[in-house]
Amino acid sequence: MKKYLLIILAVVSILACNPRNKKKKTKSGPVNRFMTYHNTLFNSKEALAAEMENRDKAHVDNFYDPYISVYTTEDIAEETTAFGSANSNSNGNDAPPGIRGLSRGATANNASFGTADNGQMGGNSASGNNGNRKGATILQITEAKAAKAISKYSVMVGGVEKNKKIFDAYILLAKARMYQGKYLESLDALGYLFNTMVKDKRIALASIYRAANYTKLKEYYRADEVFRDLEEDPKVKLTKEFKRILKVYQADNFLKWGKKELAAEVLEEAFTYNKNRKTKSRIAFLRGQILAGLNRKDEARESFAAAYKYANSYEFEVKSQIEIAKTFDSKADNYDEAIAYLAKIAKKGTYASRKNELYYASGLVATSAAKDSIADSFFRKALKEKQSDPQIRGLTYSEIAKKFFAKDDYLTAGVYYDSALAVMSYLPEKERLTSLTANIKKLSKNYYIVKKNDSILGLAKMTPDEQRSYFTKYIEGIKAKEDAADLARRQADRSKGFDNSDYNANSIFANNSTDSNSFQNFGITGGSTFYFANANNIPRGENAFKQTWGNRTLMDNWRYSAKTTTIEELKNEALGLATAPDPRRLEPEFYMEKIPTSSEELGRLKKDRDTASLGMGRMYESFFGNTKLATKTLFDLVDNKPDEETDLQALYNIFVFNYEKNPAEAEKAKQLILARYPYTSYAEFVKNPKNKDFNKSTADVEKLYADAYNTPEGIKAKELLKYLKSDAKLELTDDAGNAVSEKPQPAVENFPQEQTAEEIEKERQMNGAPPSSSGGPGRPGAGLDAQQTDANMKSMQQSRRK
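Numbering of the sequence shown is given in my numbering, commencing with residue 11 and proceeding in unit increments.
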């Protein structure tokens with residue numbers, strides 16, 4: 011018996027020592043889930059939380075982009091056509107699911123609408139966002155920790171993931187990749203969830219982020235399909251939390267897709283689902299921007315009012331009021347109530363630092379109500395207040411510039427536009443104003459040439475007695491102006507306390523005085539000799555400085571800079587007027603001596619004046635699209651009787667500018683061209699602008715040529731043409747009979763080699779070249795060159811004579 015027992019024990023021992031594969035557990039227990047979260051996944055979530063918090067703090071709203079973003083944890087530096095950058099001090103509580111225990115708190119994370127290289131987004135991240143630092147960024151740490159949790163704690167059984175915490179790991183992995191701009195890799199991570207955890211209750215969240223990635227890849231139709239499946243599939247149960255996120259991303263997809271009406275509708279639903287005040291205000295503001303762009307001002311105003319109601323920052327409240335002011339309708343709204351409402355808000359102490367923005371809003375309302383003088387006063391009040399937003403300051407300057415531009419005061423308008431450019435921060439508007447100011451400077455140069463030469467030519471036409479009478483009145487005005495300025499200066503000195511000081515200070519014995527109020531002590535009783543400490547002496551120093559240096563702005567090397575700093579001085583400089591007073595300025599002969607008398611000099615002034623006026627007419631049309639003013643300027647030029655070339659160019663441009671817009675004016679110019687210049691290519695063009703072959707001879711002229719060739723002389727001419735054909739080559743020689751080689755000259759010498767075809771065509775248009783064979787209405791100056799035009803004119807004149 012013992013023998014058999016020993017045998018059995020030996021077999022059992024052998025079997026127990028044999029190596030074998032242990033069967034993997036088929037179910038993930040709570041211990042495994044606990045270890046997954048607290049060993050690795052927790053660090054990944056904390057890293058993403060830090061990134062979201064830093065990004066939120068660094069986020070600055072740009073209210074001048076077409077649209078702002080809903081979530082403040084976004085960075086849209088790479089996407090300038092969608093949501094604008096944002097400015098806020100705290101994160102929205104209704105952002106996508108939070109990363110601490112899936113709660114929505116101050117450090118909640120959400121899918122970004124933008125991209126950034128290497129995940130370095132948000133500016134002041136805790137680590138990795140400093141360009142001088144080496145190592146992984148926060149988003150890379152998030153990605154690595156999530157991948158480690160998946161590889162270490164994943165429990166796959168039959169192609170199904172049993173560890174529920176792995177779902178969180180894949181979502182973190184997808185978000186981290188999406189924030190870094192790795193949209194395809196993010197979709198790949200989400201694909202594992204649809205393959206291995208399709209029955210998870212949170213799978214709808216993965217679908218939302220899948221659609222967000224499609225939107226970033228500009229596959230808007232696929233993103234829309236995902237959103238529609240989530241909403242229409244009865245098997246999918248969306249929680250309120252998921253609906254809040256879905257509606258925001260769905261609206262973003264519609265907006266980037268160009269379907270603004272649908273985006274506004276979806277944002278209205280998002281406004282209902284979200285309960286956080288900050289998120290609701292941003293949704294309402296974005297919806298208002300979309301509706302304002304669709305010209306639905308009443309709905310936009312209601313949306314901006316909701317944004318003001320739920321705003322969590324003073325800046326957001328003020329910007330909402332500015333947008334409300336932009337929707338003012340003078341026909342349907344009450345102007346007095348709107349102004350009173352803004353004035354009431356401006357009196358609140360909470361808006362003291364942003365009073366300039368509220369004055370700007372009041373100016374917009376007054377402008378919409380066509381009250382220009384009141385609007386101008388509001389804008390100037392805004393400039394006097396402390397600057398809170400440089401872009402608003404620049405827009406205020408721009409609004410004032412528009413008023414001067416409408417009055418044809420281009421130099422003043424250009425000065426205010428330059429001031430706007432100096433402070434503006436929004437690049438697209440800055441680029442637009444840069445181009446506008448450049449055009450204004452070109453136009454103002456011609457404008458003041460016309461104005462200056464007109465004045466000189468007008469004076470030259472006067473008799474000496476008329477000139478003397480004119481300048482006598484002018485001198486009287488100078489005297490009255492100087493007397494008034496001197497009186498105002500003395501009154502200002504008295505009001506500042508200058509005359510209340512001790513008059514012994516002006517005595518020659520003042521330096522020997524021991525009085526504390528003497529000039530030597532500068533009126534300072536405390537023993538200090540610093541003269542700026544005495545308010546009575548400040549006006550004296552200001553006046554002395556202005557008399558010596560004039561009005562100066564603070565700048566480097568101000569003593570050697572140009573003295574003309576005021577608008578009036580800039581105008582005088584453009585007109586050629588001296589700013590420094592001349593001792594003879596009160597004598598009529600001082601001015602009469604400067605009037606030109608020679609016919610050559612007067613002719614040159616007239617030529618310069620007419621050329622500048624022609625350029626002004628073209629600039630009105632090409633730069634500003636002001637056909638009415640361009641037509642008036644050119645007709646005034648024609649009435650001024652310029653030379654034939656300038657007169658023809660002016661009439662031709664009038665015809666082209668008005669051919670389709672104002673046929674009556676075009677017809678008037680056409681008749682003048684046909685009457686004055688009937689044998690030019692311009693005349694052929696205005697007869698039939700749609701005819702591409704306007705240089706082709708008429709049937710009558712061709713018949714005359716055919717009849718001429720059928721005459722005996724014509725037959726002889728045909729025979730002689732045969733003998734004119736020869737292979738002989740002409741050779742140029744000098745006086746000694748030596749051959750001289752002639753270098754071919756370029757056909758066009760005036761154009762630099764770097765000019766493109768578009769630049770050449772534009773320059774030819776500005777020079778008023780005749781129309782080309784392929785030209786039509788609306789193409790001023792397109793046409794043949796001067797040599798071809800002269801040849802055509804001569805041939806046509808000869809045919810007419812025959």
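We put the beta carbon where it would ideally sit given N, CA and C, even for glycine.
These figures come from a predicted structure and were not determined experimentally.
Let me know if residue i comes out buried or exposed under the rule of 16 or more other beta-carbons within 10 Å of its beta-carbon.
i	result
residue 755	With a pLDDT of 43 at residue 755, under the threshold of 50, the predicted position of this residue should be treated as unreliable, and no value is reported.
residue 698	exposed
residue 494	exposed
residue 716	exposed
residue 720	exposed
residue 372	buried
residue 16	exposed
residue 161	exposed
residue 666	buried
residue 346	exposed
residue 712	exposed
residue 147	buried
residue 244	exposed
residue 474	exposed
residue 488	exposed
residue 626	buried
residue 460	buried
residue 427	buried
residue 424	buried
residue 664	buried
residue 619	buried
residue 304	exposed
residue 14	exposed
residue 204	exposed
residue 653	exposed
residue 504	exposed
residue 683	buried
Could you please give me the residues that DSSP links to residue i through a beta bridge?
i	result
residue 230	Note: residue 230 sits in no beta bridge, so no partner.
Just to confirm my understanding: we take residue i, look at its own chain, exclude 5 residues before and 5 after, and list those with CB closer than 6 Å. What are they?
i	result
residue 207	171, 177
residue 433	400, 403, 404
residue 314	298, 330, 333, 334
residue 855	With the chain covering only 11 through 812, there is no way to say anything about residue 855.
residue 221	233, 236, 237
residue 536	Unreliable positioning characterises residue 536 in this predicted model, as indicated by a pLDDT of 48, which lies under 50. The coordinate reading is nonetheless provided below. There are no such residues.
residue 196	184, 187, 188, 223
residue 156	54, 179, 182, 183
residue 26	none
Kindly list the residues whose CB is nearer than 7 Å to the CB of residue i, restricted to its own chain and excluding five residues on each side of it in sequence; keep chain order.
i	result
residue 367	328, 332, 398, 399, 402
residue 420	450, 453, 454, 457
residue 234	263
residue 295	78, 314, 317, 330
residue 153	183, 186, 187
residue 360	324
residue 436	72, 74, 401
residue 813	A query on residue 813 cannot be resolved here, the shown segment of the chain reaching from 11 to 812 and no further.
residue 309	301
Please return the same chain residues whose Cβ sits closer than 8 Å to the Cβ of residue i, not counting the five positions on each side in sequence.
i	result
residue 389	369, 370, 373, 406, 409, 410
Worksheet item: Of all the alpha helix (DSSP H) runs that stay within the bounds of the region 147–221, which reach a length of 4 or more residues?
Response: 148–163, 175–189, 193–206
Fill in: Stretch-stretch touch, CB-based, cutoff 8 Å, three pairs: the region 450–468 with the region 611–620
yes
Fill in: At least 3 beta-carbon pairs within less than 8 Å: the region 436–450 vs the region 590–607
no
Worksheet item: Contact between the region 716–726 and the region 676–695: three or more CB pairs below 8 Å?
Response: no
Worksheet item: Along the chain, which unbroken stretches of the alpha helix (DSSP H) at least 4 residues long are found entirely within the region 608–640?
Response: 609–634
Discussion item. Check whether the region 635–650 and the region 665–678 are in contact - that is, three or more C-beta pairs closer than 8 Å.
Written reply: yes
Worksheet item: On the three-pair Cβ rule with 8 Å, is the region 253–262 touching the region 217–227?
Response: yes
Practice prompt. Could you tell me whether the region 210–222 touches the region 178–187, using the rule of 3 or more Cβ pairs below 8 Å?
Written response: yes
Item to complete: Go through the region 338–426 residue by residue and report every complete run of the alpha helix (DSSP H) that reaches 4 residues or more, in order.
Response: Restricted to the region 338–426, the alpha helix (DSSP H) segments that are unbroken, complete and at least 4 residues in length are 345–356, 365–378, 382–394, 400–416, listed in chain order.
Practice prompt. Starting from the N-terminal side, write out each stretch of the alpha helix (DSSP H) that is 4 residues or longer and does not extend beyond the region 255–294.
Written response: 270–283
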